[in-house]
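In the working numbering, the protein residues as written are 1 to 282.
Shown next, in the form of structure tokens:
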């Protein structure tokens, strides 16, 4: 039950981070390479939060845990890069759900392959979570004409990288504490900085854009920490799909803050997300 609570909270925080990051990207639209700028600066702003996590959740500093964490961080960074490339095509209504569902299916499958055998109700809850992600992520059909094999490939690749991030981070082991998370971030930041200049990005963000970017970065690392604690206490095949419900909180924030209208299928997705949480906690 505790692992499901932690995973659900991580989804809530991740969705809020994505909402803040999206607003920052919109605000920095006039800056060349703005998507990459927001991504890298948000990761830099999260460094103090990592230090706090290391103090609050101590663990053993081991080569294996650092290796798993570093590999997870690089996978996550490339997932973001691929996601932004897909979203840039204009087919957001296709890219978002394909990426989110794939990111849930990879660790779900990986956990079962690694020998996890969750209870039937929990497994049904995980499957419901995957379906909820697909439904709640469906926006208006705008941009569908831009969909092609390349766009679908980018969405699947981004989702696979995020799924690999979930899978690798969970392999570090409970005794490592938050060191795998620190390794993930300190591995991804140098790679992000190397990619920043070729992509035309800059670290010079100012005003509200910088504030939103900083909040997004700190919330993202907090969600990562909550997920890592959930994965250490529960089964990956259940925890990861629940943590992947983050689009639900993003949609709810868009409804409350941006006054966006939800489609009936998205309301159905929110209901299925609640069902998934109940079943997974049994």
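Backbone N, C-alpha and C fix where the C-beta goes; we use that ideal spot for every residue, glycine too. Note that the structure is a prediction, hence the values are computed from the model and not measured.
Residue i versus residue j: straight-line alpha-carbon distance, rounded
i           : j           : result
residue 117 : residue 136 : 28 Å
residue 106 : residue 200 : 32 Å
residue 15  : residue 60  : 30 Å
residue 216 : residue 26  : 13 Å
residue 55  : residue 178 : 9 Å
residue 120 : residue 269 : 21 Å
residue 68  : residue 171 : 7 Å
residue 35  : residue 109 : 31 Å
residue 266 : residue 95  : 16 Å
residue 222 : residue 112 : 27 Å
residue 146 : residue 154 : Note that residue 146 has pLDDT 49, beneath the 50 cutoff, so the model's placement of it is unreliable and the number below is only indicative. If you take the alpha carbons of residue 146 and residue 154, they lie about 13 Å apart.
residue 51  : residue 226 : 15 Å
residue 208 : residue 114 : 45 Å
residue 73  : residue 281 : 28 Å
residue 43  : residue 187 : 11 Å
residue 18  : residue 104 : 17 Å
residue 28  : residue 214 : 13 Å
residue 78  : residue 122 : 31 Å
Proximity to residue i [Cα-Cα], best of the options
i           : options            : result
residue 156 : 180, 207, 99, 114  : 99
residue 212 : 46, 8, 9, 104      : 46
residue 159 : 15, 178, 97        : 97
residue 182 : 39, 1, 58, 24      : 58
residue 134 : 38, 271, 279       : 271
residue 101 : 78, 208, 50, 161   : 161
residue 152 : 37, 187, 83        : 83
residue 20  : 210, 259, 281, 262 : 210
residue 273 : 281, 257, 248      : 248
residue 198 : 37, 28, 24         : 37
Residue i, enclosing alpha helix (DSSP H) - first and last residue
i           : result
residue 235 : Note, residue 235: premise wrong, no alpha helix (DSSP H); not H, not E.
residue 244 : No alpha helix (DSSP H) contains residue 244, which DSSP labels as neither H nor E.
residue 17  : 2-27
residue 171 : Where residue 171 is concerned, there is no enclosing alpha helix (DSSP H), given that its DSSP letter is neither H nor E.
residue 37  : 34-45
residue 185 : 179-196
residue 283 : What the structure shows of the chain is the stretch from 1 to 282, and residue 283 is not part of that stretch, so it cannot be assessed.
Exposed unless 16 or more other CB atoms sit within 10 angstroms - verdict on residue i
i           : result
residue 11  : buried
residue 229 : buried
residue 1   : exposed
residue 194 : exposed
residue 276 : buried
residue 264 : exposed
Three CB pairs or more closer than 8 Å across the stretch 158-171 and the stretch 121-133 = Judged by pairs of C-beta atoms under 8 Å, the stretch 158-171 does not touch the stretch 121-133, as fewer than three such pairs exist.
How about the stretch 247-265 and the stretch 221-238: do they share at least three Cβ pairs that are nearer than 8 Å?
-> no
Sufficient close CB pairs (3 or more, under 8 Å) joining the stretch 237-247 to the stretch 2-13 | Contact between the stretch 237-247 and the stretch 2-13 is present, because at least three Cβ pairs lie under 8 Å.
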